[in-house]
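Below is one structure; the comments refer to it alone.
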Amino acid sequence: MTDNDFTFVDARELDTAAAYRMVIGCVVPRPIAWVTTVDGRGCVNAAPFSSYNYVATTPPMLAINIASREGTEKDTARNIRETGEFVVNVATEASMEAMHACGENYAPGVSEAEALGIALLPSRLVKPPRIAVSPVQMECRIDQIITLGKGVNTLFIGEIIAFHLSPDIYDGKRVDSAKMRPVSRLGGPFYAGLGEIFHRPMLQRPPGGEGWVAPAAGVAVNTKNTS
Ligand SMILES: Cc1cc2nc3c(=O)[nH]c(=O)nc-3n(C[C@H](O)[C@H](O)[C@H](O)COP(=O)(O)O)c2cc1C
Numbered sequence: 260m261t262d263n264d265f266t267f268v269d270a271r272e273l274d275t276a277a278a279y280r281m282v283i284g285c286v287v288p289r290p291i292a293w294v295t296t297v298d299g300r301g302c303v304n305a306a307p308f309s310s311y312n313y314v315a316t317t318p319p320m321l322a323i324n325i326a327s328r329e330g331t332e333k334d335t336a337r338n339i340r341e342t343g344e345f346v347v348n349v350a351t352e353a354s355m356e357a358m359h360a361c362g363e364n365y366a367p368g369v370s371e372a373e374a375l376g377i378a379l380l381p382s383r384l385v386k387p388p389r390i391a392v393s394p395v396q397m398e399c400r401i402d403q404i405i406t407l408g409k410g411v412n413t414l415f416i417g418e419i420i421a422f423h424l425s426p427d428i429y430d431g432k433r434v435d436s437a438k439m440r441p442v443s444r445l446g447g448p449f450y451a452g453l454g455e456i457f458h459r460p461m462l463q464r465p466p467g468g469e470g471w472v473a474p475a476a477g478v479a480v481n482t483k484n485t486s
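Quick look at the structure:
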């Protein structure tokens with residue numbers, strides 16, 4: 260492969276749609292935050308966001324980029340701005356259809372959770388409830404709201420103030436991602452599961468210095484060095 264074989268795209272010349280297509284194709288797989296919020300009247304909103312990741316550990320923080328819709332804020336963005344609170348529920352294979360359906364544009368004041376019959380559980384420290392089917396739910400309080408670039412995108416950085424972990428995926432010490440079966444988002448209308456899991460020894464000690472334990476029985480882990 261030589262330099263001439265590659266397609267060069269000057270990103271500075273892309274319009275919003277082309278840049279979106281390019282970035283969601285290149286940055287894959289993306290975890291999905293299935294976010295619950297409440298509006299001023301207590302109406303529960305649920306929507307998925309894959310421009311999302313954890314961004315800090317001390318304290319634990321995560322960030323979600325929410326784009327505007329025809330120049331106005333999406334319900335999730337408006338609710339977080341108004342209440343300062345949200346819950347991130349991890350989307351899994353078991354909940355993929357309901358999570359995907361929440362991506363539809365419901366009118367403000369209409370609860371996706373109610374419309375789609377999504378079972379909820381109360382949170383402990385924030386008003387937005389948790390999605391019961393999700394094996395990991397994180398209660399968050401907003402830390403910073405940052406308008407990005409030309410103003411289409413806004414980054415919501417939240418501090419995780421509580422984790423709720425199902426015994427199906429948590430043994431009291433570690434979260435078992437193979438058992439969790441998270442779904443991720445690819446470019447276009449595609450999702451992906453975990454696929455093959457590769458194991459390599461840790462090269463640096465993680466915070467706390469502890470290593471990692473063997474995966475659950477029945478989970479295929481590739482330890483072969485193929486390079
Ligand atoms: C899997 C998936 C991932 C999505 N990721 C994002 C995202 O990262 N940012 C965003 O603004 N919209 C994203 N969307 C679109 C929103 O979910 C959609 O606009 C939704 O209607 C917003 O709901 P709300 O107005 O109730 O907040 C995604 C949709 C799906 C199905």
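In this text, residue positions in the sequence shown follow this note's numbering: the first is 260, and each later residue adds one.
Don't be surprised by glycine CBs; every beta carbon is placed ideally from N, CA and C.
Outcome for residue i when other beta-carbon atoms lying within 10 angstroms are tallied against a minimum of 16
i, result
"Met260", "exposed"
"Pro387", "buried"
"Thr351", "buried"
"Thr295", "buried"
"Ile428", "buried"
"Arg300", "exposed"
"Val303", "buried"
CB-CB length for residue i against residue j, believed under 8 Å
i, j, result
"Ala292", "Ile323", "6 Å"
"Arg440", "Ala378", "Not really, about 19 Å apart at Cβ, beyond 8 Å."
"Ser436", "Leu453", "7 Å"
"Val346", "Met281", "Not a contact, Cβ separation roughly 31 Å."
"Pro288", "Asn312", "In fact, because the Cβ distance is near 11 Å, the residues do not count as touching under 8 Å."
"Asn348", "Arg389", "6 Å"
Candidates the options, of which the one nearest residue i by Cα
i, options, result
"Ala305", "Asn338, Ala353, Thr331", "Asn338"
"Pro426", "Ala451, Glu356, Val395, Ile401", "Val395"
"Lys409", "Val286, Arg271, Gly362, Phe267", "Arg271"
"Ala315", "Tyr429, Leu453, Gly417", "Gly417"
"Thr335", "Leu414, Val434, Leu462", "Leu414"
"Ser327", "Gln463, Met355, Val411, Gly376", "Val411"
"Ile401", "His458, Arg444, Pro318", "Pro318"
"Val442", "Val286, Gly467, Ser309", "Ser309"
"Cys399", "Asp264, His423, Ile419", "Ile419"
"Asn481", "Pro465, Pro460, Arg464, Gly468", "Pro460"
"Phe449", "Met355, Lys432, Ser370", "Met355"
"Gly446", "Asn364, Asp269, Asn263, Ile283", "Ile283"
Runs of beta strand (DSSP E) lying entirely within the stretch 278-325, each at least 3 residues, in chain order
292-297, 303-308, 311-316
Please write down, chain order preserved, every residue whose beta carbon lies under 5 Å from a heavy atom of ligand 1.
Result: Asn304, Ala306, Pro307, Phe308, Ser309, Ser310, Ile325, Ala326, Lys333, Asp334, Thr335, Gly362, Asn364, Arg444.
Any beta strand (DSSP E) of 3 or more consecutive residues that is wholly inside the stretch 344-422
344-349, 395-407
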